[in-house]
Amino acid sequence: MATAASQMSDDLSSIFLALADPTRRAVIARLGQGPASVSELASPFDMGLPSFMKHIRLLENSGMIRTRKSGRTRTCVIDGPGLSNAERWLAEQRKIWEAQADRLEAFVMLEQEGRNADSDR
Amino acid sequence: MQTVTAELDLEVSRIIKAPRDRVWNAWVDPERLAKWWIPHPLICRVVSLDVRPGGAFVTEMSENDGPFAPHLSACFLDVLAGERIIYTNALTGGWRPAANGFVTAIITLSDHPDGTHYRAQALHKSHADREKHEELGFHDGWGTVVAQLAECVETKT
Chain V
1 MATAASQMSD DLSSIFLALA DPTRRAVIAR LGQGPASVSE LASPFDMGLP
51 SFMKHIRLLE NSGMIRTRKS GRTRTCVIDG PGLSNAERWL AEQRKIWEAQ
101 ADRLEAFVML EQEGRNADSD R
Chain R
1 MQTVTAELDL EVSRIIKAPR DRVWNAWVDP ERLAKWWIPH PLICRVVSLD
51 VRPGGAFVTE MSENDGPFAP HLSACFLDVL AGERIIYTNA LTGGWRPAAN
101 GFVTAIITLS DHPDGTHYRA QALHKSHADR EKHEELGFHD GWGTVVAQLA
151 ECVETKT
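Heads up: the protein sequence lines correspond to chains V and R, in order. Sequential numbering of the first sequence, starting at 1, is according to the UniProt record's numbering. Sequential numbering of the second sequence, starting at 1, is according to the UniProt record's numbering.
Encoded structure:
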């Protein structure tokens with residue numbers, strides 16, 4: 001039985017996998033400006049269409065983009081909760097890491113003060 | 001209208017008004033680490049802090065004086081005394097692959113006019129099956145891992 005949490009974590013995994021590649025990040029960045037056809041998206045890259053389609057399919061499977069075929073043109077658009085899920089998760093992580101850095105700073109400063117007080121004696 | 005951006009990397013940094021060796025000691029000394037590693041009122045127990053590449057990094061936590069439960073089980077990847085610590089929970093001590101790893105942390109200390117510049121970066125990725133390893137360029141090693149500091153653009157309507 002898949003819990004909501006593990007489902008969420010599976011979704012995140014496919015999103016981070018998708019974002020782990022510079023080509024795919026570039027595609028997402030381009031689609032941030034609006035829908036584009038696959039051939040338009042592929043044009044900046046020096047790779048064959050089959051290889052490029054792999055990236056597109058992976059992005060599609062991660063739930064970050066949607067594609068639609070009309071005649072001979074396949075159009076891609078950013079879609080779905082993928083990216084905002086990833087962002088929400090990262091925001092939570094950031095809070096944890098920020099708090100940890102705060103505690104480290106506080107600890108070192110306290111220790112430092114204690115030491116200064118000792119040496120003043 | 002669709003607009004810009006949110007970076008998906010994760011970095012926190014602080015200027016700590018204390019010399020670098022004190023910050024370093026707060027990190028690598030088990031007694032000191034235990035005092036700040038986990039938020040109060042949780043209590044931290046440092047099981048292993050073997051600060052060298054391949055060394056185990058294991059911490060536990062206890063709530064309300066209850067039994068200690070796992071908090072972090074990780075492996076140090078790189079250590080440069082006084083300057084840098086890199087660890088991941090994708091591995092456990094002795095480089096053994098972990099069941100569920102998701103983060104590589106890079107801790108950097110550098111001198112700053114006011115004391116120490118403390119920087120922590122967290123790199124995340126999916127847990128990877130075989131095919132995904134391939135996709136990730138897993139064998140390209142560190143360059144790839146660092147590239148995974150995913151940067152990207154979000155659309156908002």
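For each residue, glycine too, the CB sits at the ideal point set by N, CA and C.
{"Asked": "Cβ contact (3+ pairs, closer than 8 Å) linking the stretch 72 to 84 of chain R and the stretch 88 to 102 of chain V", "Found": "no"}
{"Asked": "For Arg20/R, the three-state DSSP class (helix, strand or coil)", "Found": "helix"}
{"Asked": "Under 8 Å between C-beta atoms of Leu10/R and Arg25/V", "Found": "no"}
{"Asked": "Between the CA atoms of Leu123/R and Ile15/R - distance to the nearest angstrom", "Found": "21 Å"}
{"Asked": "Assumed close pair Ala36/V, Phe52/V - CB separation to whole angstroms, cut-off 8 Å", "Found": "Wrong, their Cβ atoms sit about 13 Å apart, outside the cutoff."}
{"Asked": "Residue burial classification, Ile96/V (beta-carbon count within 10 angstroms, cutoff 16)", "Found": "exposed"}
{"Asked": "Status (buried if at least 16 other CB within 10 Å, exposed otherwise) for Ala18/R", "Found": "buried"}
{"Asked": "Cβ-Cβ separation, Asn89/R to Ser73/R (assumed contact under 8 Å), whole Å", "Found": "6 Å"}
{"Asked": "Coarse secondary structure for Glu105/V, derived from DSSP in three states", "Found": "helix"}
{"Asked": "In DSSP terms, what Lys69/V is bridged to", "Found": "Arg74/V"}
{"Asked": "Inter-residue Cα distance where the pair is Val103/R and Ser70/V", "Found": "41 Å"}
{"Asked": "Leu83/V to Met64/V span [Cα, whole Å]", "Found": "6 Å"}
{"Asked": "Cβ-Cβ distance between Leu110/V and Val77/V below 8 Å", "Found": "no"}
{"Asked": "Nearest-angstrom Cβ-Cβ length linking Thr116/R and Arg20/R, presumed shorter than 8 Å", "Found": "5 Å"}
{"Asked": "CB contact check: Ala36/V to chain R, cutoff 8 Å", "Found": "no"}
{"Asked": "Glu60/V: first and last residue of the uninterrupted beta strand (DSSP E) it sits in", "Found": "It is not in any beta strand (DSSP E) - Glu60/V instead sits in the alpha helix (DSSP H) that spans Leu49 to Asn61."}
{"Asked": "Beta-ladder partner(s) of Ser110/R, from DSSP", "Found": "His117/R"}
{"Asked": "Close Cβ partners of His112/R (< 7 Å) along its chain, the five nearest in sequence each way excluded", "Found": "Ile15"}
{"Asked": "Cβ neighbour criterion (16 or more within 10 Å) applied to His40/R", "Found": "exposed"}
{"Asked": "Within-8 Å CB hit, Trp95/R to chain B", "Found": "Judged by its chain identifiers, the structure shown contains no chain B, and its protein chains are V and R."}
{"Asked": "Between the CA atoms of Thr67/V and Glu105/V - distance to the nearest angstrom", "Found": "48 Å"}
{"Asked": "Inter-residue spacing [alpha-carbon to alpha-carbon] between Ser126/R and Ile15/V", "Found": "Because Ser126/R carries a pLDDT of 42, less than 50, the predicted location of this residue cannot be relied on, and the following value inherits that uncertainty. Their backbone Cα atoms lie some 8 Å apart in a straight line."}
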